[in-house]
Every structure is written in structure tokens, then in C-alpha cells.
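K.L.:
In the UniProt record's numbering, the protein residues as written are 1 to 244.
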């Protein structure tokens, strides 16, 4: 198993509101996290950092997440805790009103693979060298696509494509979607929308399928995004499992 992560401010933003990490707990279980912050002055980077730091530490402090049901409870619990930390921070710091963050996570043990997400940062698996999106975006345009009011192509260029319907830290409680995924995958990819807004799935697949090292693959993905304008912060977390 190999894994790496990388974040970049892009070419337009003057600061980076994304946070990303991959951590192991005491029995070698792996948690991958990408968070894309939002909010007023430095609010976004504070929000994503608080969320990832809290969740990452809670995970590394555990010996094991236990069975699948225990793991789902753990993910929901730590996300709820992070949500409350952000909510209380905003109460104490009124200038941070509107602060929040998306979050996408993947938890891999020897027995199962779980994804969780809030917002529009994305989780994928790689199988037979193809990307398959696991998570669902909590955005206005995605709701309109599901209701048939927009086509997927129209959604890509919709002026309100970045309007979130769900985020961490903006309400006193939050609901996270959990996905139970088969473990027979070649890899796991998490990313902020700074990647997926710039690159199509086949472009990402081509980079991940190349003979570059895992770090070089992430560097190339970010280079390609920036070469196309780099209009947003870009964060990627990638895990390659042993060859099947």
C-alpha cells in the first residue's frame, strides 16, 4: 500500500482554504480526509484545519475502529464533534460568521472500506484503471440534475454550481452520507472541487495510470489544473493498494 496527499492554492486565490491528510491508527487502519473551507477573512482555512485536525487526532488516538457498524458510528461521532467545534468557534468569533467546510473521508481497514461526505468534495475508487465516483455532491445543481431540471452537462457550467446545500459548521447539527464500498479496488482518490472543475475523469485516469511515482502523479494533477487556469485551491489524497 502506498499513499500520498498534496494541496495547492491554485493560480487565482491568494490563500489556501483546503486541508488534506492521510493518517493511520494504532492497528494500521487508514483514514483519508479532504476538506474545502469557506467563509470570511481566513474563515475557510480555519474551518478546514479545525475539522481535519480534530478528526485526524481522534483517529490516530484509537487502537481500532472495530467492526463496520462501530466504524460508521465513529465517523458520524467525530464529524458531529468537529461540526460543534466549528459552530462554537463562530459563536465566539462573530467575524467568522458563515465559516464552514466541506469534508470527504475514506476509511480503509483489512475488512471494509467506508466513504463519508458533506458538501462537494469528492470520493472515488479506481477499479480496472477507471475512476468511479462514490460520493454525491450536496449542491443546488446536483439537486436540479436529480429532479430532471438540469442535464449533467448544463450543471457543469451553471452559474450557481458552487452553491452548497450542506456543509460542516454552518448549523448546530449536520448529516453525513456514508457509503459502504467493496474493498477489491486498485486505489482510492479524494479531492476538492478544484481538481474536478478543471479535469475530466479520463484526464485524471491517465495520470494515475502512468508510470510516475505516487508523489509525481499528484504533482502532475495539480500542474494540469493550474495549467488550465487554477481558478480554485486544489487538494488530492491518493491511496494505491497492492496490485490485485
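The beta carbon of each residue, even a glycine, is placed where N, CA and C say it ideally should be.
Can you tell me which of the three DSSP states residue 172 falls into?
P.N.:
Here residue 172 is taken as the residue at index 172 of the chain shown, counted from 1. In this structure, residue 172 counts as coil in the three-state DSSP scheme.
K.L.:
With DSSP as the reference, please indicate the residues paired to residue 164 in a beta bridge.
P.N.:
Looking up residue 164 in the chain shown gives position 164. Its beta-bridge partners are 139.
K.L.:
Residue 204 lies in the alpha helix (DSSP H); which residues open and close that run?
P.N.:
What you label residue 204 is simply residue 204 of the chain shown in a count that begins at 1. That run of the alpha helix (DSSP H) goes 201 to 208.
K.L.:
Roughly how many angstroms lie between the CA atoms of residue 136 and residue 86, to the nearest whole one?
P.N.:
Along the chain shown, one-based indexing puts residue 136 at 136. Along the chain shown, one-based indexing puts residue 86 at 86. Approximately 23 Å, taken between the alpha carbons.
K.L.:
Less than 6 Å between the CB of residue 26 and some heavy atom of the ligand NAP, yes or no?
P.N.:
As presented, the structure is devoid of all ligands, the ligand NAP included, so that no description of it is given.
K.L.:
Assign residue 180 to one of three DSSP states: helix, strand, or coil.
P.N.:
Locating residue 180 in the chain shown gives position 180, counting from the first residue. Strand, per DSSP.
K.L.:
May I have the straight-line CA-CA distance separating residue 37 from residue 47, to the nearest angstrom?
P.N.:
By 1-based counting over the chain shown, the position of residue 37 is 37. By 1-based counting over the chain shown, the position of residue 47 is 47. Cα to Cα, the separation comes out at about 6 Å.
K.L.:
For residue 33, tell me which candidate among 187, 56, 155, 153 has the shortest Cα-Cα distance.
P.N.:
Here the question's residue 33 lines up with position 33 in the chain shown. That would be 56, whose Cα lies nearest to the Cα of residue 33.
K.L.:
For residue 83, does the three-state DSSP call read helix, strand or coil?
P.N.:
Within the chain shown, the letter at position 83 stands for residue 83. Helix, per DSSP.
K.L.:
Quick one: is residue 17 buried, meaning 16 or more other Cβ sit within 10 Å of its Cβ, or exposed?
P.N.:
Stepping through the chain shown from its first residue, residue 17 is reached at position 17. It is buried - the Cβ of residue 17 has at least 16 other Cβ atoms within 10 Å.
K.L.:
Are the CB atoms of residue 138 and residue 99 within a distance shorter than 7 Å?
P.N.:
Taking the first residue of the chain shown as position 1, residue 99 is located at position 99. Taking the first residue of the chain shown as position 1, residue 138 is located at position 138. In this structure, residue 138 does not lie closer than 7 Å to residue 99 by Cβ.
K.L.:
Please tell me whether residue 31 and residue 23 are closer than 7 Å, where the distance is taken between their beta carbons.
P.N.:
Here residue 31 refers to the residue found at position 31 when the chain shown is read from its first residue. Here residue 23 refers to the residue found at position 23 when the chain shown is read from its first residue. Yes.
K.L.:
Since I believe residue 118 is in contact with residue 168 (beta carbons under 8 Å), could you give me their beta-carbon distance rounded to a whole number of angstroms?
P.N.:
Position 168 of the chain shown, counting from 1, holds the residue named residue 168. Position 118 of the chain shown, counting from 1, holds the residue named residue 118. With a Cβ gap of about 5 Å, residue 168 and residue 118 count as contacting.
K.L.:
Helix, strand or coil for residue 4? Go by DSSP, reduced to three states.
P.N.:
Mapped onto the chain shown, residue 4 falls at position 4. Residue 4: strand per DSSP, three-state reduction.
K.L.:
For residue 60 versus residue 235, is the C-beta distance shorter than 7 Å?
P.N.:
For the purposes of this step, residue 60 is taken as the residue at position 60 of the chain shown. For the purposes of this step, residue 235 is taken as the residue at position 235 of the chain shown. No, the pair does not count as a contact, with Cβ atoms beyond the cut-off.
K.L.:
Please confirm whether residue 4 and residue 214 have their CB atoms less than 7 Å apart.
P.N.:
The sequence position of residue 4 within the chain shown is 4, counting from 1. The sequence position of residue 214 within the chain shown is 214, counting from 1. In this structure, residue 214 lies closer than 7 Å to residue 4 by Cβ.
K.L.:
Between the beta-carbon of residue 121 and the beta-carbon of residue 192, is there less than 7 Å?
P.N.:
Within the chain shown, residue 121 is the residue found at index 121, counting from 1. Within the chain shown, residue 192 is the residue found at index 192, counting from 1. For residue 121 and residue 192, yes; Cβs fall inside 7 Å.
K.L.:
Residue 70 to residue 229, Cα distance in whole Å?
P.N.:
Counting from 1 along the chain shown, the entry for residue 70 is found at position 70. Counting from 1 along the chain shown, the entry for residue 229 is found at position 229. Each residue's alpha carbon lies about 43 Å from the other.
K.L.:
Within the same chain, show all residues whose beta-carbon is closer than 7 Å to that of residue 91, passing over the 5 residues directly before and after it, in chain order.
P.N.:
Along the chain shown, one-based indexing puts residue 91 at 91. For residue 91, where only same-chain residues beyond five positions count, there are no Cβ hits under 7 Å.
K.L.:
Output the boundary residues of the alpha helix (DSSP H) element that contains residue 49.
P.N.:
By one-based count along the chain shown, residue 49 stands at place 49. Per DSSP, residue 49 belongs to the alpha helix (DSSP H) from 43 to 60.
K.L.:
Using a Cβ-Cβ cutoff of less than 6 Å, which residues in the same chain neighbour residue 108 once the five nearest sequence positions on both sides are dropped?
P.N.:
The sequence position of residue 108 within the chain shown is 108, counting from 1. Cβ neighbours of residue 108 beyond the five flanking positions: 30.
K.L.:
Count the other CB atoms, across all protein chains shown, that sit within 10 Å of the CB of residue 96; report buried if there are 16 or more and exposed otherwise.
P.N.:
For the purposes of this step, residue 96 is taken as the residue at position 96 of the chain shown. So residue 96 ends up on the buried side.
K.L.:
Kindly indicate which residue of 54, 52, 27 has the alpha-carbon position closest to the one of residue 63.
P.N.:
As a first step, residue 63 is located in the chain shown; it is residue number 63 there, counting from the start. When only C-alpha atoms are compared, the closest one is 27.
K.L.:
Tell me whether the region 177 to 188 and the region 153 to 162 touch, counting them as touching only if at least three CB pairs, one residue from each stretch, are closer than 8 Å.
P.N.:
The region 177 to 188 vs the region 153 to 162: no contact.
K.L.:
My output table needs one value for residue 112: the three-state DSSP class, helix, strand or coil.
P.N.:
Your numbering for residue 112 matches position 112 in the chain shown. Residue state, collapsed to three classes: coil.
K.L.:
On the CB-based measure, 16 or more other CB atoms within 10 Å of its CB, does residue 148 come out buried or exposed?
P.N.:
Counted from its first residue, the chain shown places residue 148 at position 148. The residue in question, residue 148, is exposed, as its Cβ has fewer than 16 Cβ neighbours within 10 Å.
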